[in-house]
Amino acid sequence: MKANETRVDKFLATNETTFAIPVYQRNYDWTLSQCKQLFQDIIETGKNDKTNAHFIGSIVYVHDDVYTASGLTELTIIDGQQRLTTITLIYISLYRLAQELENEKLVNKIHKTYLINEFAPEAEKLKLKPTENNKDALRYILNSSNDEEFKGYSKIVENFSYFRTAITVDNFETVQRGLSKLIFVDIALDRQKDNPQRIFESLNSTGLELSQADLIRNYILMGLSRTSQDKIYKSYWEVIEKNAKDEILNKTKVSEFIRDYLTLKNKEIPNKGDVYQTFKKKYPTTTIEELELVLSELKSLVKFYNKLVNPKNETDKDIRLQLEYINRIEINVAFPFLMKVYEDFANDIIDKQTFISILSLVQSFTFRRFILALPTNALNKIFMGLYDKIEPRNYLISIQKSLLQRSGVQRFPRNNETINALKEKDVYNIKPKNRTYLLERLENFQNKELVTIEGNSDITIEHIFPQNPDPKWKIDLGTEEYNFIKENYLNTIGNLTLSGNNGKLGNKSFGEKKIMNIEGKEQGYIFSRLWLNRELKEKIKWDKQEIETRAHLIAERFLKIWPIPDINIELETENDEVNIFDAEEPKHKKLEYAIFFDQKLEVTQVSKLYLEVFKQLFDLQPETFFTSEIGNRISLTKNPTTNGLRQPFLISDTYYIETNIDNVGKFDRIKQALTIFEFEDELLIKYAD
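Residue numbers (the UniProt record's numbering): 1 to 689.
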C-alpha cells in the first residue's frame, strides 16, 4: 500500500489513465445537498488567498500495473467514486461553459487534461469509466447540443444540471482556483501484496455509509478478475438487484432479501446490521464455482421475493389477491418460508389451490395472533424452520399440523379465545392497514362484487354509537348504559361499520342515522348495500345488548374468513416444557431445567434461573437496563451497601442486583424483562416432578 497527499487536478490530469468504477460498487448517489456543500467549499477555497489547500478525504484504488487493450493504465476505484464522479461533473460544467464563451484555450485544457485521454480509441477516451448504468448519462452530459431529453432518471444528469446552473461567467475562475486547491489522500493498493476487501471493510467501519447489500456485492465481486466480475454481475447480481425492490416506493430491498435467505439457510435471523458478516461467515470463499452455486439459488428465489413485495407482478388474480392481503398486513416475517413454497408452486410440486390454502393459512395464523396480541417476535422462530417441517406427500397437512401443535406464546389461537378477544379488542385504534384489512375482508366475504376500502376516500369507518354522541343518546340509553358503552364498547368491532356518509351521519341518534335521506341522497343505514350494515336495517335501537349481538355475528364470520385447520393433532407439550408466560406459579416448586435462547440451563432452583437470565440479558444488551424500568425493578446498582441491597448478587464486573425476593416476584421480574427486550418466547421451563 502506498499513501500520498495528492492534488485532485494532478490526479485527474494523469496521462493515459482510466479511472474505472467496478461493477461491484454501488450506484452514484450523491444528493443535491452533498453537491451544494462541495461546491460551497470549492467557492470559499477559491476566494480565500490565504488557503492553499482543502482536504476532501481519500481515494483508494487498486493499481495492478495492468494495461487495457488500448494501452491505458486502468485504476480500479474501490473508495472515493462519489467524490471523483462529482468533481468530474464540475469539470464537464466548466467545459460546457467554456464552449459557450468560445474560450478555446480553456475548452482544450479541460477536455484534454481532465476528461479524456486524447490518443485513446473513441470507445476508450473518457478518463472516468463509470458503471454500466451511468455510462449513458455521462455521454449525454458531454454532448454539447443536448437537443433531446435524457430518458429515465439519473443522479449524474440531475447533479450536472445543478452545477451547470451554479457555475457562471462571474464565478468560473473562482471555481477553477478552488478545484486546484483540493487535496486528498491517494491510497494505491497492489492486489498481489494488499487485501483490497479487508481495506474496504476497514474504511466502511469508520463511517462509509454502505448498505449490507453493498458490502456483500463488493465481497462477492472484488476478488475476481474484471471478466469474471462482469459475468457474475450481469448473470446474477444485476437480476437480484432488479427484483429485490419495492417497485412502488422505488426502494431497494436487497439487504432484506439476503437476510431472509440467510434466515432460511441458518435457521437464525441475523441482525439487520450483521447481514454482511453472516453472509461472509456462511460463504467464506468466493471462487467462481462456489459463487455460482449460491447465486443461482438467490437468483431463483428473488423472482418469488419480488412478487411477495410487489403482488401486482403475479398474473394469477386469485394468488395476487392473497399476496396483496399478506403484503397489506406486512407478514414479512413469513417471507423466508413463503419464498420456498412459491418456488415449489412454480416447479409444479404443489398445485394452485394448495398454494392459495397456504397463503390463507399464514394469514389466519398471524391475524388470529394479532387479535390476541400475542408477541410478534415468536413468529420469527416459527417461520424460519417451518419449511423443514413439510412432508412432500402431505404438503399442506404437514404445515397445518406444525402450526397447530405449537403451544404457549407460539400457539395457533383456537376459536373461543379468538372470539372473546375480538369482541373486546379496540380495533379502531390499531394500525390503519390492519383495520382496513379486517373490515374489507369482513365486508367482502363471499361477495361477488368486491368493495374496496383501501385508498377509497368515499368509504370511511363509522362509529354507530358515536365518539362524541348527541345528548339524545344519554336520554335514550340512560346514564349507566351510556357510560358503559362509551368506556367498553366504543371502538370494538360490534360498534364499527362502514359508511359513505360518515360526515352526514355524525353524532346523531341511532334512529336518525338509520333513516337519514337528506335531499334524497339515502345516507341512512336502511339504504346501504354493505353487509356490515345489513343487520342495522332491522334494529329499532342501539344499546349494549345490540352491540354484543352484532359482535357475535361478526365473530362467526371472522372464523370463516380466518379459519383454523380442522384436523386432529397432539400438542407439543408431552415433555411438560412450557413458556414461562404460560407456566403455573412457582410457589413451592423446583425446576428440572430451563431452555434460554435454545440453550439448556441445568438449574433446579428459581433463584438460579433468575440470576442466569439477568446475567445473560445484561451481557447481551446492558443499555436497556438504564433506558427502561427494569433496572429499578431489579435494584441494579454499583453500590449494594449504599443502596440497601439485602442479598446482592454480582451480574457483571461492576453491577449488582437484589435477590432477596420470593419465587413469584422473581418470575414477575423475569417476565417483565423478557417483554421489554421482546424475548417473550425465548425462555422455556420444566418443573421437576
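Where is the CB? At the ideal position from N, CA and C, for every residue including glycine. Note that the structure is a prediction, hence the values are computed from the model and not measured.
(1) Closer than 6 Å by C-beta to V592: which residues in its own chain qualify, once you throw out the five before and the five after it? Chain order, please.
(2) Given a threshold of 16 other Cβ atoms within 10 Å of its Cβ, counted over all protein chains shown, does V169 qualify as buried or as exposed?
(3) Between which two residues does the alpha helix (DSSP H) harbouring residue 694 extend?
(4) Give the C-beta separation of I461 and Y428 to the nearest angstrom, bearing in mind that I take them to be a contact with Cβ-Cβ under 8 Å.
(5) Would you mind giving the Cβ-Cβ distance between I651 and F614, rounded to the nearest angstrom? I have them listed as a contact below 8 Å.
(6) Which value, in whole angstroms, describes the spacing of the CA atoms of R96 and T315?
(7) So the beta strand (DSSP E) D408 belongs to, where does it begin and stop?
(8) Please state whether DSSP places Y24 in a helix, a strand or coil.
(9) Short of 7 Å in beta carbon distance, which residues of its chain neighbour T6, apart from the five on each side in sequence? Order them along the chain.
(10) Which class does Q599 belong to by DSSP, given the choice of helix, strand or coil?
(11) Quick check: what's the CA-CA separation for T206 versus I464?
(12) Take A555 as the anchor and find which of N332, P565, E424 has the nearest alpha-carbon.
(13) Specify the secondary structure class of V309 as computed by DSSP and reduced to three states.
(14) What residue range is occupied by the uninterrupted beta strand (DSSP E) comprising V185?
(15) Quick one, are the C-beta atoms of L32 and N159 less than 8 Å apart?
(16) Grab the span of the beta strand (DSSP E) containing V62 for me, first residue to last.
(17) Hey, quick one: how far does the alpha helix (DSSP H) through P471 stretch, first residue to last?
(18) One question on the structure: do V157 and I90 come within less than 8 Å of each other, judged by their Cβ atoms?
(19) For R217, which option in N171, L38, N27, S58 has the closest C-alpha, if you only look at C-alpha atoms?
(20) Check whether the Cβ atoms of I634 and E658 lie closer than 8 Å to each other.
(21) Less than 8 Å separating the beta-carbons of I59 and D79?
(22) Return helix, strand or coil for Y655, following the three-state DSSP convention.
(23) Just list the residues that DSSP pairs A594 with in beta bridges.
(24) Which residues does DSSP pair with I461 in a beta bridge?
(25) Are Y395 and I326 close, meaning C-beta to C-beta below 8 Å?
(26) Measure how close the beta-carbons of L262 and K282 come, nearest whole angstrom, since I'm counting them as under 8 Å.
(27) Below 8 Å, can you find three or more Cβ-Cβ pairs linking the segment 115 to 122 to the segment 226 to 238?
(28) May I ask you to list the residues that DSSP assigns as paired with P648?
(29) Relative to the C-alpha of L249, which residue among L683, N632, E480, V309 is closest?
(30) Helix or strand or just coil, what does DSSP make of E449?
(31) With DSSP run on the structure shown, which of helix, strand or coil describes L101?
(32) With a threshold of 8 Å, are at least 3 pairs of Cβ atoms found where one atom belongs to the segment 444 to 454 and the other to the segment 507 to 514?
(33) How far does the beta strand (DSSP E) with D668 in it reach, from first residue to last?
(34) Excluding five sequence neighbours on each side, which residues of the same chain lie with their C-beta closer than 7 Å to the C-beta of V107?
(35) Looking at the strands, I want to know which residues DSSP matches up with F19.
(36) To the nearest angstrom, report how far apart L490 and G455 are at their CA atoms.
This is what the structure holds:
(1) Translated into the one-based positions of the sequence shown, residue 592 becomes position 592. According to the sequence provided, residue 592 is Glu. The question's Val does not apply to it. Excluding sequence neighbours, E592 sits near K686, A688.
(2) Position 169 of the sequence shown, counted from the first residue, corresponds to residue 169. By the neighbour-count rule (16 or more Cβ atoms within 10 Å), V169 is not buried but exposed.
(3) The displayed coordinates of the chain run from 1 to 689. Any statement about residue 694 would go beyond what the structure contains.
(4) Looking up residue 461 in the sequence shown gives position 461. Looking up residue 428 in the sequence shown gives position 428. I461 to Y428, Cβ: 7 Å. Contact.
(5) Residue numbering aside, residue 651 sits at position 651 when the sequence shown is read from its first letter. Residue numbering aside, residue 614 sits at position 614 when the sequence shown is read from its first letter. Rounded, the Cβ-Cβ distance is 5 Å, consistent with contact.
(6) Here residue 96 refers to the residue found at position 96 when the sequence shown is read from its first residue. Here residue 315 refers to the residue found at position 315 when the sequence shown is read from its first residue. Taking the straight line from one Cα to the other gives about 48 Å.
(7) Counted from its first residue, the sequence shown places residue 408 at position 408. First, the residue type needs correcting, since residue 408 is Gly and not Asp in the sequence shown. No beta strand (DSSP E) contains G408, which DSSP labels as neither H nor E.
(8) For this step, residue 24 is matched to residue 24 along the sequence shown. In the structure shown, Y24 sits in coil (DSSP, three-state: anything other than H, G, I, E or B).
(9) Taking the first residue of the sequence shown as position 1, residue 6 is located at position 6. Closer than 7 Å at Cβ, skipping near neighbours: I183, F184, D186.
(10) For the purposes of this step, residue 599 is taken as residue 599 along the sequence shown, with counting starting at 1. Three-state DSSP puts Q599 in a strand.
(11) Within the sequence shown, the letter at position 206 stands for residue 206. Within the sequence shown, the letter at position 464 stands for residue 464. Unreliable positioning characterises T206 in this predicted model, as indicated by a pLDDT of 41, which lies under 50. A coordinate reading is not provided.
(12) Translated into positions along the sequence shown, residue 555 becomes position 555. Of the listed residues, the one whose Cα sits closest to A555 is E424.
(13) Within the sequence shown, numbered from 1, the residue matching residue 309 stands at position 309. Residue state, collapsed to three classes: helix.
(14) On the sequence shown, position 185 is the one that residue 185 refers to. Where V185 is concerned, the enclosing beta strand (DSSP E) stretches over 182 to 189.
(15) Here residue 32 corresponds to residue number 32 of the sequence shown, with the count starting at 1. Here residue 159 corresponds to residue number 159 of the sequence shown, with the count starting at 1. For L32 and N159, yes; Cβs fall inside 8 Å.
(16) Looking up residue 62 in the sequence shown gives position 62. Residues 54 to 62.
(17) Along the sequence shown, read from residue 1 onward, the residue named residue 471 stands at position 471. Here the alpha helix (DSSP H) through P471 covers 471 to 477.
(18) Numbered from its first residue, the sequence shown carries residue 157 at position 157. Numbered from its first residue, the sequence shown carries residue 90 at position 90. Not closer than 8 Å, so no.
(19) Position 217 of the sequence shown, counting from 1, holds the residue named residue 217. When only C-alpha atoms are compared, the closest one is N27.
(20) Along the sequence shown, read from residue 1 onward, the residue named residue 634 stands at position 634. Along the sequence shown, read from residue 1 onward, the residue named residue 658 stands at position 658. With contacts defined by Cβ atoms closer than 8 Å, I634 and E658 form a contacting pair.
(21) In the sequence shown, residue 59 corresponds to position 59, counting from 1. In the sequence shown, residue 79 corresponds to position 79, counting from 1. Against a cut-off of 8 Å, the Cβ pair of D79 and I59 comes out as a contact.
(22) As a working mapping, residue 655 is identified with position 655 in the sequence shown. In the displayed model, Y655 falls within coil according to three-state DSSP, outside both helix and strand.
(23) Residue 594 sits at position 594 when you count from the first residue of the sequence shown. Note: A594 sits in a beta bridge opposite L601, I685.
(24) In the sequence shown, the residue the question calls residue 461 occupies position 461. In DSSP, I461 forms a bridge with L498.
(25) In the sequence shown, counting from the first residue as 1, residue 395 sits at position 395. In the sequence shown, counting from the first residue as 1, residue 326 sits at position 326. No, the pair does not count as a contact, with Cβ atoms beyond the cut-off.
(26) In the sequence shown, the residue the question calls residue 262 occupies position 262. In the sequence shown, the residue the question calls residue 282 occupies position 282. Confirmed, about 7 Å.
(27) no
(28) Here residue 648 is taken as the residue at index 648 of the sequence shown, counted from 1. In DSSP, P648 forms a bridge with E658.
(29) The count along the sequence shown starts at 1 and reaches residue 249 at position 249. Of the listed residues, the one whose Cα sits closest to L249 is V309.
(30) Locating residue 449 in the sequence shown gives position 449, counting from the first residue. Three-state DSSP puts E449 in coil, outside helix and strand.
(31) Translated into the one-based positions of the sequence shown, residue 101 becomes position 101. Residue state, collapsed to three classes: coil.
(32) no
(33) Position 668 of the sequence shown holds residue 668. Careful: D668 lies outside any beta strand (DSSP E), inside the alpha helix (DSSP H) at 663 to 677.
(34) Working through the sequence shown from its first residue, we reach residue 107 at position 107. Y95, A98, Q99.
(35) Here residue 19 refers to the residue found at position 19 of the sequence shown. BP columns for F19 point to L75, L128.
(36) Taking the first residue of the sequence shown as position 1, residue 490 is located at position 490. Taking the first residue of the sequence shown as position 1, residue 455 is located at position 455. Approximately 24 Å, taken between the alpha carbons.
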